[in-house]
DNA sequence: CAGTGGTCTAGACCACCTT
DNA sequence: AGGTGGTCTAGACCACTGC
């Protein structure tokens, strides 16, 4: 269910996108927004907090909430987003080729962690944008919780299948991004020549109840790789 | 000033780090924490929200807040952190060589954006970890707001100088990470051979009042580059 | 001084999980 | 049914900004 502050955040987001609130100007004050949406100030503040988090506005004490103008290049690739969601937002012509889909055991080491090996669906997919291969995705989908994996799920959207067909809630991920030399076979798949350096993103993805369900190794063509991020300075002192 | 929920978050963080609350177990309930800290539940919720954001806990409705165990490898390199802060957290032997420090004009194009060129301090610094060069940082510090820049600021911590000496508050940044071919001179500085591929991070950094104050081009040795991230799945539908 | 956002409270109702 | 977190309210006081 959508909460009231989610709806307000979405409404403000769309009003910002459609320039009803212009970049560089201030939003109505929290009190005014409370009157507009007939709600309390704390609820408005939750909505504004979401927008601030995403880098759409900046709150300034004593003045108001100003609309930022970074979105021009902020397709947030940070976060957890499926390839399908990503390309759709950016309106790209994309294609996915399923190279392999078998049942196997998950690896026992990943990102420097030791994991218990367990049954999994292994999926290997080549991603193309404008007919050019850009990413090779190697996924382990653990069973449980992913017991069955129809062939169409990999071809279309894996996350759509998991969230909508299986009714699971994807919650968070930890990722490690490195640049590595890759095997010649892999380089060929991505259309790389003698240069075998690629960007490798290794992710562990978890459900709402903290169950690990996916391990992914994502190999990107370096010349096509672009990672856009918005970050806020954290004050939390991570002292020893 | 530290707010009550900041203090509570820090206290919980340190208790988690010192294993007083063990990974995999539940924190006391929000009600109990409210009694423990003699505060209202909403205040406790703000503290827990911070910890959840950083990936230290996962809240589960109907059950409680469980302590996650990812931190083992989560030195959050995402976010805005100075080189000094970064190396200190990880207890590394680091060194900074200032190669150049001059007054000039800032570039008018950056990350695909058109900016107004203005006076700036240009700073070029080579970063070494364990005596090995790993990063070349090229900074433009705009004046205003950075009018004077003592030589020591670049050698020690630039952010310390800006936040503590100048009393400015660093707030947010937008970054673009790519892999690029770099000039031979630059490659030599980083100790790279014929291979001239490097990871390039271009950042725009802003103050609390949305003033842009820093443009940075950070060139990383690919074999030393490692980016660790924690991400939560966002529900906010960024529809057309 | 009035207006703004930042924090905090004490209560309420709900949805969910467990027993 | 009782405990948990998720949402929402109506009010309060504070710190900061601007005039």
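Residue numbers (the working numbering), protein chains in the order written: chain Z, -16 to 223; chain E, -16 to 223. Just so it is clear, CB atoms sit at the ideal spot from N, CA and C, and this is done for glycine as well. Since the model is a prediction, treat every value here as computed from it, not as a measurement.
| Asked | Found |
| --- | --- |
| Taking the CB atoms as reference points, tell me whether residue 228 of chain E and residue 140 of chain E lie closer together than 8 angstroms. | Nothing can be reported for residue 228 of chain E: it is not among the residues displayed for chain E, which extend from -16 to 223. |
| Taking 7 angstroms as the limit between beta carbons, can you name the residues of its chain near residue 132 of chain Z, skipping five residues before and five after? | 104 and 124 |
| Put residue 170 of chain E into one of helix, strand or coil per three-state DSSP. | helix |
| Compare the Cα-Cα distances from residue 26 of chain Z to each of Z:-6, Z:-14 and Z:145 and report the closest residue. | Z:-14 |
| Where does the unbroken alpha helix (DSSP H) through residue -3 of chain E begin, and where does it stop? | -13 to 0 |
| Under 7 angstroms, CB to CB, which of the residues in the stretch 134 to 161 of chain Z have a partner in chain E? | 153, 154, 155, 156, 157, 158, 159, 160 and 161 |
| So, for residue 93 of chain Z: in the same chain, excluding its five sequence neighbours on each side, which residues have a beta-carbon less than 8 angstroms away from its beta-carbon? | 185, 187 and 198 |
| Less than 8 angstroms between the C-beta atoms of residue -1 of chain E and residue 193 of chain Z, yes or no? | no |
| Please report the straight-line C-alpha distance between residue 164 of chain Z and residue 119 of chain Z, rounded to a whole angstrom. | 14 angstroms |
| Could you check if residue 166 of chain E is buried or exposed, using at least 16 other CB atoms within 10 Å of its CB as the buried criterion? | exposed |
| Taking the alpha-carbon of residue 137 of chain Z as reference, which of Z:82, Z:150 and Z:147 has the nearest alpha-carbon? | Z:82 |
| Between the beta-carbon of residue 204 of chain Z and the beta-carbon of residue 117 of chain Z, is there less than 8 angstroms? | yes |
| With a threshold of 16 other CB atoms inside 10 Å of the CB of residue 5 of chain E, please say whether the residue is buried or exposed. | exposed |
| Please report the straight-line C-alpha distance between residue -12 of chain Z and residue 29 of chain E, rounded to a whole angstrom. | 16 angstroms |
| Taking buried to mean at least 16 other C-beta atoms within 10 Å of its own C-beta, is residue 57 of chain Z buried or exposed? | For residue 57 of chain Z, the predicted model reports a pLDDT of 48, less than 50, meaning its position is unreliable; a value from the coordinates is still stated below. Label assigned to residue 57 of chain Z: buried. |
| When you compare the CB of residue 182 of chain Z with every CB in chain E, is at least one pair closer than 8 angstroms? | yes |
| Would residue 23 of chain Z be called buried (16 or more neighbouring beta carbons within 10 Å of its own) or exposed? | exposed |
| Could you tell me which residues DSSP puts in a beta bridge with residue 212 of chain Z? | E:158 |
| Report buried or exposed for residue 158 of chain Z, applying the criterion of at least 16 other Cβ atoms within 10 angstroms of its Cβ. | buried |
| Would residue 57 of chain Z pass as an interface residue toward chain E - the criterion being a Cβ-Cβ separation below 8 angstroms? | Only weak support is given to the placement of residue 57 of chain Z: the predicted model assigns it a pLDDT of 48, under 50, and the value that follows is read from those uncertain coordinates. By this cut-off, residue 57 of chain Z is an interface position. |
| May I ask you to report which of helix, strand or coil DSSP gives residue 205 of chain Z? | helix |
| Please list the terminal residues of the continuous alpha helix (DSSP H) segment that includes residue 135 of chain Z. | 134 to 138 |
| In this structure, how does DSSP classify residue 52 of chain Z when only helix, strand and coil are distinguished? | coil |
| Can you tell me whether residue 42 of chain E is helix, strand or coil according to DSSP? | strand |
| For a test of the three-state rule: what should DSSP assign to residue 16 of chain Z, helix, strand or coil? | helix |
| Do you know whose CA, among E:32, E:39, E:17 and E:150, lies nearest residue -3 of chain E's CA? | E:39 |
| How far does the alpha helix (DSSP H) with residue 29 of chain E in it extend, from its first residue to its last? | 24 to 36 |
| Do residue 202 of chain E and residue 169 of chain E have their CB atoms nearer than 8 angstroms? | yes |
| Whose Cβ in chain Z lies nearer than 8 angstroms to the Cβ of residue 209 of chain E? | 159, 160 and 161 |
| With 8 angstroms set as the bound, which would you pick, yes or no: does the beta-carbon of residue 41 of chain Z sit closer than that to a beta-carbon of chain E? | yes |
| Quick check: is the beta carbon of residue 191 of chain Z nearer than 8 angstroms to any beta carbon in chain E? | yes |
| Rounding to the nearest angstrom, what Cα-Cα distance links residue 160 of chain E and residue 52 of chain Z in this structure? | 19 angstroms |
| Compare the C-alpha of residue 175 of chain Z against each of Z:195, Z:115, Z:148 and Z:147 and name the closest. | Z:115 |
| At 4 residues or longer, what runs of the alpha helix (DSSP H) sit wholly inside the stretch 101 to 146 of chain Z? | 134 to 138 |
| Name the chain Z residues whose beta carbon is nearer than 9 angstroms to that of residue 24 of chain E? | Ordered by position in chain Z, no residue passes the 9 angstroms Cβ test against residue 24 of chain E, which lies about 13 angstroms from the chain. |
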